[in-house]
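Enquirer:
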């Protein structure tokens, strides 16, 4: 005679069921579980409208393949999403390219985890300061004055 029954187990691992001296085993695997790590924001400083590349490593630490929507927020606003499908134990780098028009430091959040910042500056603020060689400028001015005086003296000598 065949008897059918249902067993529910919610803990991952190998489980044994024994009924009237007969044993059987079954495996419960964890569902797909996704974690984000290894954030990269490049470059850390940009001018208004320049591209910022944000990448993060997404790993499926669960026991089944699955899909996951990676959500990028900048200053608590969703700016992009990408769907990834990964086998159990697999990882994939997810990359976003974005621009910001507001000057200031912007907070990047990926999958609800505050991950880092980047700064937007005005175009002039990113231009490196030009160093002035005042000694060279002074020498050129002094040389011009001396040449001018010599020309003046020789012209007056010829006339006189």
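Residue numbers (the UniProt record's numbering): 1 to 160.
Just so you know, even glycine gets a beta-carbon here, dropped at the ideal spot from N, CA and C.
Assign residue 68 to one of two classes, buried (16 or more other C-beta atoms within 10 Å of its C-beta) or exposed (fewer than that).
Expert: Classification of residue 68: buried, given that the 10 Å Cβ count is 16 or more.
Enquirer: Using the DSSP secondary-structure output, state which residues sit across from residue 24 in a beta bridge.
Expert: For residue 24, which the question treats as bridged, DSSP gives the partners 17.
Enquirer: Out of curiosity, what's the CA-to-CA distance linking residue 93 and residue 140?
Expert: Cα-Cα distance, rounded: 57 Å.
Enquirer: Are residue 119 and residue 45 closer than 8 Å when you measure CB to CB?
Expert: Yes, they are a contact pair.
Enquirer: Roughly how many angstroms separate the alpha carbons of residue 151 and residue 158, rounded to a whole number?
Expert: If I take the Cα positions, the gap works out to 11 Å.
Enquirer: Of the choices 78, 21 and 65, whose alpha-carbon is the least far from that of residue 233?
Expert: Residue numbering for the chain in the displayed model covers 1 to 160; residue 233 lies beyond these limits and cannot be assessed.
Enquirer: Any contact between the segment 17 to 32 and the segment 59 to 66? By contact I mean 3 or more CB pairs, one from each, below 8 Å.
Expert: Yes, the segment 17 to 32 touches the segment 59 to 66.
Enquirer: Using the rule of at least 16 other Cβ atoms within 10 Å of the residue's Cβ for burial, across every protein chain shown, is residue 54 buried or exposed?
Expert: Result: buried.
Enquirer: Hey, quick one: how far does the beta strand (DSSP E) through residue 49 stretch, first residue to last?
Expert: Residue 49 -> no beta strand (DSSP E), and no H or E assigned at all.
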